[in-house]
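Contents: one structure, followed by commentary.
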Amino acid sequence: MIAVERHGEIAVLSIDNPPINALAQPVRKALLDAVLAADAAPDIRAVVIRGAAAHFVAGADIREFDEEPRAPVLSDVLTAVEAASKPIVAALHGAVLGGGLELALACHFRIGADSASLGMPEIRLGLLPGSGGTQRLPRLIGIAQSLALMLSGDPITCERAHSLGMVDRIAELPDLLGAALAFAREIVAAGRRPRRLRDEPVRGGMPDPAFVEEQRALVARKFPGVDAAREAIIECVAASATEPFDAGVALGRERFNACRQSDASRALRHLFFAERGMRPRAAPRPVATLGVLGAGTMGSGIAISLATAGFDVVLVDTQPAALAAGIERVRTTVEASVAKGRMTPAAATATLSRVRSGDRIDALQSADLVIEAVFESLAVKREVFAALGRLCRPGAVLASNTSTLDIDAIAQASGRAQDVIGMHFFSPANIMRLVEIVRGRATAPDVIATVGEVTRRMGKLGVVVGNCFGFVGNRMLYAYGRENQSLMLEGATPTQIDAVMERFGMAMGPNAVGDLAGLDVGYRVRRERRDLPDDPRYYRVADLLVEAGRLGQKTSRGAFDYMPGSRRPARAPEVEALLLAESLRLGVPRRVIADDEIATRCVFALINEGAQLLAEGIAASAGDIDAIWCNGYGFPRARGGPLFYADTLGPSLVLQGIRQLGELHGARYWTPSPLLVEIAGRGEKFATWSPQ
Ligand code: NAI
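As structure tokens, this is what we get:
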């Protein structure tokens with residue numbers, strides 16, 4: 024765990040716990056022993072602590088947070104490091120994050136390579152730096168800068184850290200160890216004493232209360248649901264100025280332990296593991312040139328994402344006007360990113376130069392991977408895949424962005440089903456991080472790996488799912504939407520439902536989402552489906568709105584009204600009148616609906632459908648389902664996703680609730696998934712369940 028080397032009078036301790044040198048218990052123990060030994064050795068005059076391989080230390084071992092802390096806890100190890108009588112130099116490179124940065128702060132001097140990236144990302148997991156970081160950092164850079172670093176969760180460059188005074192020196196040598204040794208020898212030669220932050224006063228005064236308010240608001244926007252961690256950070260950092268050092272450290276540890284056990288932090292840790300990305304089971308096929316077929320809304324967004332990631336892309340559309348509009352959309356979107364400061368002008372020029380256009384499908388002949396985004400019609404897609412199957416080079420991967428159609432039916436038309444796969448992007452495709460990777464019956468393992476690798480290089484999160492109507496995300500959305508729709512016939516309004524679901528934490532209410540996507544999209548899909556329930560109420564409100572010309576934002580009228588040029592949903596009295604008349608016509612009695620009923624029905628519908636997808640093997644794990652809903656559908660991250668939320672409530676409580684709903688509203692929609700019954704019966708959790 025710790026390699027010890029002697030370089031004359033300097034001991035070099037290299038932390039070696041690949042891949043990220045996480046400070047797991049064995050590492051903490053070995054580090055403590057090595058520091059104490061070096062400090063006691065008579066012929067050692069200084070110590071360098073560094074990371075072996077790619078990083079200094081990227082943080083704690085997150086899995087340990089589920090259990091009681093095991094000695095030696097990091098906070099105690101760092102107390103010992105700081106107390107050492109000989110100067111200790113931290114040599115920083117790669118990731119210096121969380122506990123890694125706290126370790127660097129406990130050392131007496133810091134030297135960093137250009138490449139080092141320093142940060143305290145704990146807030147992202149609903150936590151705070153719990154090992155003295157909230158006390159040491161303000162003594163080095165002041166309260167305001169400390170708060171900014173801890174509350175943003177974003178890392179800073181070594182250069183920035185140097186200008187703030189967090190790093191004493193930037194290594195000039197390409198070899199960091201050589202530079203650190205030279206620094207340590209200089210310190211010894213000058214007879215410098217260890218610089219212990221615990222003995223120093225906090226720099227500067229208290230920040231302006233307006234600054235703290237601004238930071239609070241920033242966290243609320245960026246990381247909703249982590250109020251406890253946010254307040255703990257503010258409290259502990261402020262305490263650094265008023266409390267003795269050890270009391271401040273103790274306070275930080277106490278707050279850390281409370282946050283660690285909170286539902287929000289557990290949920291965020293669950294997502295951390297769920298979002299680590301798929302583990303490929305085969306070597307990917309090489310991909311250099313990509314083709315995108317269909318230059319509409321999705322095709323142009325996908326082309327932007329690919330080009331931004333450095334791929335060469337041919338964007339093809341057989342309608343010259345659509346092609347021109349698509350290319351124009353690529354250009355204006357990239358230029359807007361420059362204007363918003365998200366991209367440098369040079370990167371924009373490079374990105375645009377990577378997108379070529381083609382008005383014939385033949386332009387895709389030499390592509391290694393084609394992503395199809397033409398109209399959502401099985402007949403059109405089958406025709407297109409038959410052509411691609413004939414024309415593309417052998418081994419080229421053919422992906423469809425369909426959101427509802429049968430991947431196997433599309434694959435069959437290509438004549439090379441093993442090369443065909445679904446890549447279900449979300450709109451806007453250049454922004455949304457999620458891609459459902461849909462494996463068909465015949466999809467080859469290296470095709471899954473190839474698409475997974477391209478998705479990863481696009482900076483997106485790929486989740487592999489099985490083939491069925493709606494795959495994972497949209498099939499659950501149908502269940503959720505069904506309850507939204509029924510509730511409106513029973514007496515709720517779009518305004519009430521959206522307010523309840525937004526208070527639950529959804530990024531947008533279901534009716535605002537429908538208006539944004541366009542109610543006509545689902546309308547057309549439902550006309551093509553043959554397997555809809557024989558129920559006059561099923562999605563009746565959505566159909567009614569479309570039939571009344573209320574398609575959503577694009578017509579300034581949907582479930583809500585929109586002022587010209589505005590995206591803000593406003594109550595639509597016309598819709599409320601339509602609902603009343605339709606309830607009457609269908610004989611659905613209207614009543615006052617409690618907010619709780621709305622949240623329960625919408626969320627339990629999601630959970631039950633999710634359980635069923637897991638049981639059917641369409642989703643491989645609860646984590647996959649949760650990652651899909653948190654990244655593609657705005658489910659609150661601090662609740663961990665629909666199935667983690669079910670675990671938090673307790674599966675047996677959810678089961679009981681679904682049975683009650685069945686008694687009230689009938690078994691058609693409220694039959695508990697057998698997997699829910701099984702998990703509840705055995706006292707298990709979704710998050711840890713896996714098929715035998
Ligand atoms: P769109 O209507 O904006 O674009 C489709 C484009 O395909 C048009 O430019 C059309 O000219 C072109 N096209 C049609 N037939 C073609 C052919 N045979 N050869 C070449 N080009 C052809 O549609 P949109 O919204 O971009 O959707 C495309 C696909 O993406 C659909 O399968 C849709 O279900 C899926 N999708 C859409 C999402 C959305 O939010 N709009 C989200 C996720 C998937």
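Adding 23 to a residue's 1-based position in the sequence shown gives its number in my numbering. For each residue, glycine too, the CB sits at the ideal point set by N, CA and C.
### Query
Does the Cβ-Cβ distance between residue 117 and residue 82 come in under 7 Å?
Not in contact: residue 117 and residue 82 (Cβ atoms no closer than 7 Å).
### Task
With a threshold of 6 Å, establish whether the CB of residue 16 neighbours any heavy atom of ligand 1.
Residue coverage of the chain in this structure runs from 24 to 715, which leaves residue 16 outside it and unanswerable.
### Message
Quick test of your reading: residue 173 and residue 256, contact by CB under 8 Å. State the CB separation rounded to the nearest angstrom.
### Response
The pair is a contact, with the Cβ atoms about 5 Å apart (cut-off 8 Å).
### Query
Where in the region 94–148 do unbroken runs of the alpha helix (DSSP H), each at least 4 residues long, occur, reported from the N-terminal end onward?
Segments of the alpha helix (DSSP H) lying fully in the region 94–148: 97–106, 122–129.
#### Entry: Simplified DSSP assignment, three categories, for residue 73
In the three-state scheme derived from DSSP, where H, G and I count as helix and E and B as strand, residue 73 is classed as strand.
### Query
What is the residue span of the beta strand (DSSP E) that residue 448 lies within?
Per DSSP, residue 448 belongs to the beta strand (DSSP E) from 443–448.
### Task
Keeping to the same chain, check which residues put their C-beta closer than 6 Å to that of residue 271; ignore five residues upstream and five downstream.
Cβ neighbours of residue 271 beyond the five flanking positions: 158, 262, 263.
### Message
Just verifying my parser: in three-state terms, what is the DSSP assignment at residue 314?
### Response
Looking at residue 314 - three-state DSSP - the assignment turns out to be strand.
### Query
Is the beta carbon of residue 453 within less than 6 Å of some heavy atom of ligand 1?
No, ligand 1 has no heavy atom inside 6 Å of this Cβ.
### Task
Please determine if the region 638–650 and the region 533–545 are in contact, where contact requires at least 3 C-beta pairs separated by less than 8 Å.
In short, these stretches do not touch, since the Cβ pair count stays below three.
### Message
When you compare the CB positions of residue 678 and residue 637, do they come within less than 7 Å of one another, or not?
### Response
Not in contact: residue 678 and residue 637 (Cβ atoms no closer than 7 Å).
### Task
Can you tell me which of the three DSSP states residue 169 falls into?
The answer is helix: DSSP assigns residue 169 an H, G or I state.
### Message
So, for residue 332: in the same chain, excluding its five sequence neighbours on each side, which residues have a beta-carbon less than 7 Å away from its beta-carbon?
### Response
Sequence-distant partners of residue 332 (beyond 5 residues in either direction) whose C-beta falls short of 7 Å from its own C-beta, in its chain, are 480, 481, 482.
### Message
Quick check on residue 536: does DSSP put it in helix, strand or coil?
### Response
Of the three classes helix, strand and coil, the one that applies to residue 536 here is helix, per DSSP.
### Query
Beta-carbon separation of residue 295 and residue 146 under 7 Å?
It is not a contact, given that the beta carbons lie outside the stated cut-off.
#### Entry: Unbroken stretches of the alpha helix (DSSP H), 4 residues or longer, contained in the region 235–286
Within the region 235–286, the complete alpha helix (DSSP H) runs of at least 4 residues are 250–265, 268–283.
### Query
Is the region 277–294 close to the region 179–196, with three or more CB pairs under 8 Å?
Not touching, per the Cβ criterion.
### Task
With a 10 Å radius around its C-beta and 16 neighbouring C-beta atoms as the bar for buried, classify residue 404 as buried or exposed.
For residue 404, the number of other beta carbons within 10 angstroms of its own is at least 16, and it is reported as buried.
### Query
To which residues does DSSP link residue 394 through a beta bridge?
Paired residues: 315, 422.
### Task
Say yes only if the C-beta of residue 425 is nearer than 6 Å to one or more non-hydrogen atoms of ligand 1, and no if none qualify.
Remark: the shortest separation between the CB of residue 425 and any heavy atom of ligand 1 falls under 6 Å.
### Message
Run through the DSSP bridge pairs and tell me what residue 688 is partnered with.
### Response
In the DSSP output, where bridge partners are listed per residue, residue 688 has none listed.
### Residue from 573, 61, 60, 37 with nearest C-alpha to residue 50
Residue 50 has its Cα closest to that of 37, out of 573, 61, 60, 37.
### Task
For the beta strand (DSSP E) containing residue 335, list its first residue and its last residue.
335–339 is the extent of the beta strand (DSSP E) around residue 335.
### Query
Counting only runs that start and end within the region 356–382, where is the alpha helix (DSSP H) found for 4 or more residues in a row?
Listed in chain order, they are 368–376.
### Message
The alpha helix (DSSP H) that contains residue 403, what's its start and end?
### Response
Taken as a continuous stretch (DSSP letters only), the alpha helix (DSSP H) holding residue 403 covers 401–414.
### Query
What residue range is occupied by the uninterrupted alpha helix (DSSP H) comprising residue 470?
468–480 is the span of the alpha helix (DSSP H), which, as asked, contains residue 470.
### Alpha-carbon spacing of residue 361 relative to residue 278, whole angstroms
So the alpha carbons of these two residues sit roughly 41 Å apart.
### Task
From the DSSP output, read off the bridge partner residues of residue 486.
Under DSSP, residue 486 takes part in a beta bridge, and its partners are 459.
### Query
What is the DSSP secondary structure of residue 384, counted as helix, strand or coil?
The answer is helix: DSSP assigns residue 384 an H, G or I state.
### Query
Which first and last residues belong to the alpha helix (DSSP H) in which residue 643 is found?
Under the DSSP assignment, residue 643 falls outside any alpha helix (DSSP H); it carries neither an H nor an E label.
### Task
Compute every distance between the C-beta of residue 450 and the non-hydrogen atoms of ligand 1, then say whether any falls below 6 Å.
Yes - ligand 1 has a heavy atom lying nearer than 6 Å to the Cβ of residue 450.
### Query
For residue 355, is the beta carbon positioned less than 6 Å from some heavy atom of ligand 1?
At a cut-off of 6 Å, the beta-carbon of residue 355 does not count as near ligand 1: no heavy atom of the ligand is closer than that.
### Task
Check whether the Cβ atoms of residue 446 and residue 394 lie closer than 7 Å to each other.
A contact, by the Cβ cut-off of 7 Å.
### Query
So what does residue 14 bridge to, in DSSP terms?
No answer is possible for residue 14: it lies beyond the span of the chain, which begins at 24 and ends at 715.
### Query
Taking the continuous alpha helix (DSSP H) assigned at residue 91, which residues delimit it?
Residue 91 -> no alpha helix (DSSP H), and no H or E assigned at all.
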